[in-house]
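Residue numbers (the working numbering), protein chains in the order written: chain C, 19 to 352; chain H, 19 to 352.
Contents: one structure, followed by commentary.
There are 2 protein chains.
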Amino acid sequence: MARGDRRPTLETVAVRAGVSRATVSRVINDQPVAGPSRRAVERAIADIGYVPNQAARSLVTQRTGLIALVLPEPSTRVFSDDQFFPRLIQGVSQELETADEQLVLMLAGSTASRDRIQRSAVAGRVDGVMLASLHGADPLAAALAKSGIPVVGNERVLGSVEVPSVGVDNRGGARAAVEHLVSRGRRRIATIAGPLDMIAGIDRLDGYFDAIAGTQEPVVAQGDFTRESGEAAMERLLDEHPGVDAVFAASDLMAEGAMQVLRHAGFRVPEDVAVAGFDDITRAACTDPPLTTVRQPIGALGRHLAAQLLNLISGNAVEPARTLPTDLILRDST
Amino acid sequence: MARGDRRPTLETVAVRAGVSRATVSRVINDQPVAGPSRRAVERAIADIGYVPNQAARSLVTQRTGLIALVLPEPSTRVFSDDQFFPRLIQGVSQELETADEQLVLMLAGSTASRDRIQRSAVAGRVDGVMLASLHGADPLAAALAKSGIPVVGNERVLGSVEVPSVGVDNRGGARAAVEHLVSRGRRRIATIAGPLDMIAGIDRLDGYFDAIAGTQEPVVAQGDFTRESGEAAMERLLDEHPGVDAVFAASDLMAEGAMQVLRHAGFRVPEDVAVAGFDDITRAACTDPPLTTVRQPIGALGRHLAAQLLNLISGNAVEPARTLPTDLILRDST
DNA sequence: CTGAAAGCGCTTACAG
DNA sequence: CTGAAAGCGCTTACAG
């Protein structure tokens with residue numbers, strides 16, 4: 019079909035099949051239609067290559083068939099190598115598959131793009147929004163929730179507005195990792211924390227505090243989940259706290275960076291300093307030595323996020339906050 | 019606004035402002051309206067938090083304000099660390115910004131998702147589609163083009179259907195890199211090729227052939243642009259062609275992998291074996307030694323892609339294939 | 001099972 | 001500049 023031709027409409031199909039528009043509509047929507055009419059319609063649709071106009075459908079059904087996953091990050095971090103987003107997306111897609119909804123990704127790195135996304139969502143361009151890896155009390159979350167469009171957050175959403183969320187047990191996972199270090203006899207356990215404007219950063223640090231409470235002085239170096247920040251943090255730790263005999267990093271990438279710095283500084287892992295991470299990225303099994311870490315079920319996280327959003331869209335009740343369990347994976351670095 | 023409330027419509031605003039719906043529509047669309055009416059409408063809009071229903075607008079304007087960037091890859095490769103996609107997206111966004119179009123990313127990793135995306139596009143859910151990093155003669159490109167929806171491809175699109183495209187000078191860039199190796203006196207230059215079902219893979223290999231034509235025997239090891247594939251390819255080269263004194267890798271990641279294998283095998287770069295890459299990823303400047311490579315203007319690529327698509331949507335003429343120049347960046351690895 | 005008709009919420013000639 | 005009216009292309013009670 020050349021551009022500029024008007025696309026065929028329901029009417030075109032109806033005329034060709036010798037039935038009413040209502041009947042064509044019913045065939046398209048899988049509603050009961052007598053065999054002969056059905057076949058005539060299906061044939062006409064195939065002959066002229068009819069595809070229903072989505073705007074017209076949306077106008078009456080109030081549904082678009084589009085679900086947005088909003089990634090509130092500059093695109094460079096979204097497309098990093100920690101495999102969080104691809105796995106999350108895979109889980110989300112899997113769940114959406116069954117609901118015949120199309121996933122669209124929207125990057126909300128700049129203020130302009132955030133405004134645009136907010137307007138899009140409120141204008142009804144999508145049926146619902148999933149917010150991933152929020153920082154702080156993101157006004158986008160509040161604005162969307164207030165406008166009444168279905169929205170769920172990955173991890174608890176900070177701020178006054180209630181937004182249903184699905185997260186993983188960051189705190190429990192971190193506590194388990196650090197308790198394991200304690201049980202191995204480590205007496206001076208430091209942590210390399212993630213960004214403290216994100217739930218994952220906050221909760222993993224709290225888990226560390228939980229585990230050493232009352233028995234050790236906390237030693238905290240700040241990172242931002244990236245490998246580079248892990249290296250820098252480890253250098254600071256070696257400088258300022260030379261007695262440290264174990265490190266719990268709030269991400270595997272930071273743990274990797276820390277191990278490299280330790281090695282270069284002449285320390286053996288785990289003999290001199292034990293290292294544990296968080297995430298269980300693929301590479302964690304093949305670092306030297308293989309990394310003890312906390313596995314979070316990212317695929318399941320994506321599936322639950324999508325499921326909760328679909329519930330919300332259908333008007334079903336949803337839990338305000340669902341938490342998925344994490345697992346301590348023991349390897350040779352501790 | 020609680021869920022379930024009907025959102026306000028043009029009518030609501032019109033009544034409140036004491037004007038007709040047409041006037042409200044004109045205010046929203048920035049058409050001439052007398053001062054007092056305009057102010058009354060703006061006020062009413064603000065008071066009740068009115069946002070136009072996008073489906074209704076689309077139905078009459080035949081525009082959605084949505085542009086899709088389709089990434090025909092399993093999400094794991096899209097979210098890799100070669101920085102191609104984030105930079106491309108940044109360029110695309112920049113251009114779209116001016117046109118008031120919202121970018122949505124659609125991942126086309128599976129057959130199911132490809133079908134879904136095709137139907138979405140044809141159903142008019144988006145105003146146009148940009149296809150990135152196509153493999154082979156992708157049927158998605160053909161199907162979209164045939165259905166008449168505006169579509170542009172990143173790199174020439176293989177197959178019978180004509181799809182306008184924007185690409186970079188892969189062949190010229192590769193030729194320049196290999197000619198540089200020749201000029202440095204290298205007499206046995208191998209290449210680690212990219213996937214040969216992609217234009218970038220094919221053209222970079224052809225550039226290599228161009229440069230050594232008639233003077234050296236080609237030595238080709240197959241890779242797939244990833245670092246791991248570069249390592250494997252380099253190991254094979256060392257095994258089967260121990261005399262090689264230079265390697266042109268069709269991606270920086272593969273070049274990195276190759277350099278590591280060379281170092282472990284006891285070869286010095288560039289003294290024993292020179293290595294050149296393609297892409298100029300950020301890390302290329304800080305490898306050991308810094309990598310000679312071909313820089314491709316990815317941001318510009320994104321901008322041109324978006325610009326061509328916008329042209330197509332506006333019904334303007336577009337060049338069938340635009341090629342952006344690449345630059346040889348000399349560093350210490352050659 | 002099927003059709004005529006109303007209606008979803010906008011935009012846009014057409015008059016005035 | 002402004003309004004009444006038609007129309008974009010569907011779905012869905014409502015009758016039959």
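C-beta atoms are modelled at their ideal positions from N, C-alpha and C, and glycine is treated no differently.
All values derive from a computational prediction rather than experimental measurement.
Closer than 8 Å by C-beta to residue i: which residues in its own chain qualify, once you throw out the five before and the five after it? Chain order, please.
| i | result |
| --- | --- |
| H/G22 | With a pLDDT of only 44 at H/G22, under 50, the local geometry of the prediction cannot be trusted, and the value read off the model is given with reservation. So the list is empty, once near-sequence residues are dropped. |
| C/Q108 | G317 and G320 |
| C/T352 | H198, L199, R202, A264, P288, A292, V293, A294 and T310 |
| H/I347 | D298, A302, T310, T311, V312 and R313 |
For residue i, I'd like the list of residues in its chain whose CB is within less than 6 Å of its CB, leaving aside the five on either flank, ordered along the chain.
| i | result |
| --- | --- |
| H/D345 | R313 |
| C/R193 | G225, D228 and A229 |
| H/L28 | R39 and V42 |
| C/R206 | G261, V262 and D263 |
Is it buried or exposed, residue i, if we count other Cβ atoms within 10 angstroms and call 16 or more buried?
| i | result |
| --- | --- |
| C/A159 | buried |
| H/V78 | exposed |
| H/G232 | exposed |
| C/A20 | Confidence at C/A20 is low in this model, with a pLDDT of 37, below 50, so its placement is unreliable and no value can be given for it. |
| C/E274 | buried |
| H/E246 | exposed |
| H/P90 | buried |
| H/G219 | buried |
| H/E119 | buried |
| C/L176 | buried |
| C/N75 | Residue identity check: residue 75 of chain C is Arg in the sequence provided, not Asn. So C/R75 counts as buried. |
| C/L223 | buried |
| H/A130 | exposed |
| H/P343 | exposed |
| C/D297 | buried |
| H/A52 | exposed |
| C/Q80 | exposed |
| H/R281 | exposed |
| H/R57 | exposed |
| H/A335 | exposed |
| H/Q49 | exposed |
| H/P338 | exposed |
List the DSSP bridge partners of residue i.
| i | result |
| --- | --- |
| H/Q120 | H/L84 |
| H/F266 | H/T209 and H/A294 |
| C/N172 | C/V184 |
| H/L89 | H/L125 |
| H/T341 | H/G185 |
| C/R313 | C/D297 and C/D345 |
| H/M148 | H/L87 and H/V170 |
| C/V238 | C/T209 |
For residue i, collect the residues of the same chain with a Cβ closer than 7 Å to its Cβ; drop the 5 residues on either side in sequence, then sort them by chain order.
| i | result |
| --- | --- |
| C/G171 | L149, L152, A159, V181 and S183 |
| C/G146 | I85, I167, P168, V169, L327, L330 and I331 |
| H/R254 | A239 |
| C/L121 | I85, L87, V110, S111 and L114 |
| C/L106 | A150, I316, L319 and G320 |
| H/T300 | Q101 |
Using CA atoms only, rank isn't needed, just tell me which of the options is closest to residue i.
| i | options | result |
| --- | --- | --- |
| C/A325 | C/N71, C/G67, C/P26 and C/Q112 | C/Q112 |
| H/E173 | H/S351, H/L319, H/T352 and H/R25 | H/L319 |
| H/T82 | C/A73, C/G212 and C/L87 | C/A73 |
| H/G127 | H/L106, H/Q101, H/P308 and H/D156 | H/D156 |
| C/R204 | C/A195, C/N188, C/I210 and C/S38 | C/A195 |
| C/S178 | C/L162, C/P260 and C/R143 | C/L162 |
| H/E235 | H/A208, H/F243 and H/L256 | H/A208 |
| C/R143 | C/V110, C/R206, C/L87 and C/A339 | C/L87 |
| C/R137 | H/R134, H/R301 and H/G67 | H/G67 |
| C/I135 | H/A141, H/A139 and H/L123 | H/L123 |
| C/R34 | C/D65, C/P308, C/I210 and C/D257 | C/D65 |
| H/R286 | H/R301, H/I299, H/D306 and H/M272 | H/D306 |
So, residue i versus residue j, is the Cβ gap smaller than 7 Å?
| i | j | result |
| --- | --- | --- |
| H/V262 | H/M277 | no |
| C/D270 | C/T311 | yes |
| C/I383 | C/P26 | Only positions 19 to 352 of chain C appear in the structure, and residue 383 of chain C is not among them; the question remains open. |
| C/A267 | C/G284 | no |
| C/G185 | C/T341 | yes |
| C/R189 | C/D221 | yes |
| H/M272 | H/I210 | yes |
| H/V237 | H/H259 | yes |
Compute every distance between the C-beta of residue i and the non-hydrogen atoms of the ligand HEM, then say whether any falls below 6 Å.
| i | result |
| --- | --- |
| H/S128 | Here there are no bound small molecules, and the ligand HEM is not part of this structure. |
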